[in-house]
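Numbering-wise, the first sequence is residues 71 to 291 according to our numbering.
C-beta: ideal position from N, C-alpha, C; glycine also.
Okay, so here's the structure we're looking at.
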Amino acid sequence: MVPLSTRSRKNKEVNRGSWTAEEDQRLAQAIEVYGARKWKSVATKAGLNRCGKSCRLRWMNYLRPNIKRGNISDQEEDLILRLHKLLGNRWSLIAGRLPGRTDNEIKNYWNSHLSKKIKHNERSQKQNRLLSAPSNPPAKELSSSDSQNAELRENNAVSTGIEDNNSKGEENYFFKSMSFDGSSGDEFLYDGLSADEGPLNLMWMNRFLEMDESWFTLHDI
DNA sequence: AAGTATACCAACCGCGAGCGC
DNA sequence: GGCGCTCGCGGTTGGTATACT
71 MVPLSTRSRK NKEVNRGSWT AEEDQRLAQA IEVYGARKWK SVATKAGLNR CGKSCRLRWM
131 NYLRPNIKRG NISDQEEDLI LRLHKLLGNR WSLIAGRLPG RTDNEIKNYW NSHLSKKIKH
191 NERSQKQNRL LSAPSNPPAK ELSSSDSQNA ELRENNAVST GIEDNNSKGE ENYFFKSMSF
251 DGSSGDEFLY DGLSADEGPL NLMWMNRFLE MDESWFTLHD I
């Protein structure tokens, strides 16, 4: 995609920029033999004039099996929005909940689509508030955590169109007992699911996100 | 048709955590 | 404890594609 010569930078000894089909093939073959670890040595053994980091990135974001590309579905988008509300810019955690999607892809999708969408929603929300302001009852004073939670719920409802049942506002949701790191917790969520079962999985996740707060507490995210 | 602006996304960079020596 | 190495993460860059004027 990007000519090697144009992506400047420090190390002139190694290739930079777009990967060629041949490089991809070499990398995949090396990983088949040596495994997806020790990226520096994988790069060397594959005969690639690339740094280990670059090889890892290429594998993780492009060559890995079961990668889904393009066309983020409405369901996936909804899930990204909600997870982002809960987790912030922790793209790898969010990606971990979306089978076949990479953190880089979700980050790009967020920056190019969703962040704008949200800004637009917030703007029209403000306008609506201004228009209806005089008839509103005086707002109860909230602690900062209350207001954060309120904002979180409000944005969530606005951006996804799904109302959050958690109206108490003093507690946060939580996720931690099911880890997001692709280890044991993932088994709880995804064990036995193939990539084809993604939609089913997403439905499950959506229900999970709507669960009553009594199931979870947030403090140790 | 040509020039310019904007959107998209692959790839890079810097940083910090974890681990072994 | 200190050092070096590897890995993973999030932010950023910049080339290409597309839309707009």
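- Query: Does DSSP put Pro208 in a helix, in a strand, or in coil?
  - Reply: Taking the first sequence and counting its residues from 1, the one referred to as residue 208 is at position 138. In this prediction, Pro208 has a pLDDT of 41, which is less than 50 and means its spatial position is unreliable; what the coordinates show is noted afterwards. Reduced to three states, the DSSP call for Pro208 is coil.
- Smallest Cα separation from Gln99: which of Gly87, Gly117, Trp89 and Asn85? Residue numbering aside, residue 99 sits at position 29 when the first sequence is read from its first letter. Here the closest residue by C-alpha is Gly117.
- Would you kindly check if the distance between the Cβ of Pro169 and the Cβ of Asn136 is under 9 Å? For the purposes of this step, residue 136 is taken as residue 66 along the first sequence, with counting starting at 1. For the purposes of this step, residue 169 is taken as residue 99 along the first sequence, with counting starting at 1. In this structure, Pro169 lies closer than 9 Å to Asn136 by Cβ.
- Item | Neighbourhood of Thr172 by C-beta distance below 6 Å, restricted to the same chain and skipping five residues each side | The residue given as residue 172 occupies position 102 in the first sequence. Counting only Cβ-Cβ distances below 6 Å, and skipping sequence neighbours, we find Asn131 and Ala165.
- Task: Whole angstroms is fine: what's the gap from Lys186's alpha carbon to Gly122's?
- Result: Your numbering for residue 186 matches position 116 in the first sequence. Your numbering for residue 122 matches position 52 in the first sequence. Each residue's alpha carbon lies about 34 Å from the other.
- Message: Considering Cα atoms alone, identify which of Arg160, Leu157 and Ala113 is closest to Asn85.
- Response: Within the first sequence, numbered from 1, the residue matching residue 85 stands at position 15. Comparing Cα positions, the closest option is Ala113.
- Can you list, in chain order, the residues of its chain whose CB lies under 7 Å from that of Trp161, leaving out five sequence neighbours each side? Taking the first residue of the first sequence as 1, we reach residue 161 at position 91. Here the set comprises Asp173, Ile176 and Lys177.
- Curious, which full-length beta strand (DSSP E) runs of at least 3 residues does the stretch 117-190 contain? none
- For Thr90, does the three-state DSSP call read helix, strand or coil? For this step, residue 90 is matched to residue 20 along the first sequence. Looking at Thr90 - three-state DSSP - the assignment turns out to be coil, as it is neither helix nor strand.
- Query: Taking Cβ positions, are Cys125 and Leu157 nearer each other than 9 Å?
  - Reply: Within the first sequence, residue 125 is the residue found at index 55, counting from 1. Within the first sequence, residue 157 is the residue found at index 87, counting from 1. Result no, Cβ atoms of Cys125 and Leu157 do not sit closer than 9 Å.
- So, is Asn81 buried or exposed, given that buried needs 16 or more other C-beta atoms within 10 angstroms? As a working mapping, residue 81 is identified with position 11 in the first sequence. Residue confidence for Asn81 is low, a pLDDT of 40 falling below 50, so the modelled location carries little weight and cannot support an answer.
- Query: When the Cα of Ser88 is compared with those of Arg128, Ile188 and Ser194, which residue comes out closest?
  - Reply: The residue labelled residue 88 in the question sits at position 18 within the first sequence. The shortest C-alpha separation from Ser88 is found at Arg128.
- In its own chain, which residues sit with a C-beta less than 6 Å from the C-beta of Trp109, not counting the 5 before and 5 after it? In the first sequence, residue 109 corresponds to position 39, counting from 1. Cβ within range, chain order: Gly122, Cys125 and Arg126.
- Message: Taking the alpha helix (DSSP H) that Ala113 belongs to, which residues open and close that run?
- Response: Working through the first sequence from its first residue, we reach residue 113 at position 43. First-last of the alpha helix (DSSP H) with Ala113: Trp109 to Lys115.
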